[in-house]
Amino acid sequence: MNHRIIAERTEPGGSTIKEWHMVRSGEGKPMCGRSIDLSETELPADAWGTERAMPFCHTCGALYLREVP
Ligand SMILES: [Zn+2]
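In my numbering, the protein residues as written are 101 to 169.
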């Protein structure tokens, strides 16, 4: 299954990233179920666990861990 990482900002259009969420391809919201703007900054799934994708949503991280080998 393919995933992508989407940024959630502290405010719409703001420069500060609150946290990153994992979104399954084809789904309209992140794995944690939060409502975020999917047109926001995106990272490839392999950025998970790296500096680039910090801070990361704890719920998304836990669920993602169970899906990847
Ligand atoms: Zn999340």
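Beta carbons are placed, not taken as given, at the ideal position from N, Cα and C, and that holds for glycine.
Only a predicted model underlies this, so the values are computations on that prediction, with no experimental measurement involved.
| Asked | Found |
| --- | --- |
| Residue nearest to G161 in terms of C-alpha spacing, selected from S135, S139, H121 | H121 |
| T110 Cβ short of 8 angstroms to ligand 1 heavy atom set | no |
| Member of T110, S115, C132 whose CA lies at the smallest distance from the CA of V195 | Residue 195 falls outside the range modelled here, since the chain spans only 101 to 169, and no answer is possible. |
| Per-residue DSSP class, three states only, for L143 | strand |
| Buried versus exposed, by CB contacts within 10 Å (16 or more), H103 | buried |
| Cβ neighbour criterion (16 or more within 10 Å) applied to E111 | exposed |
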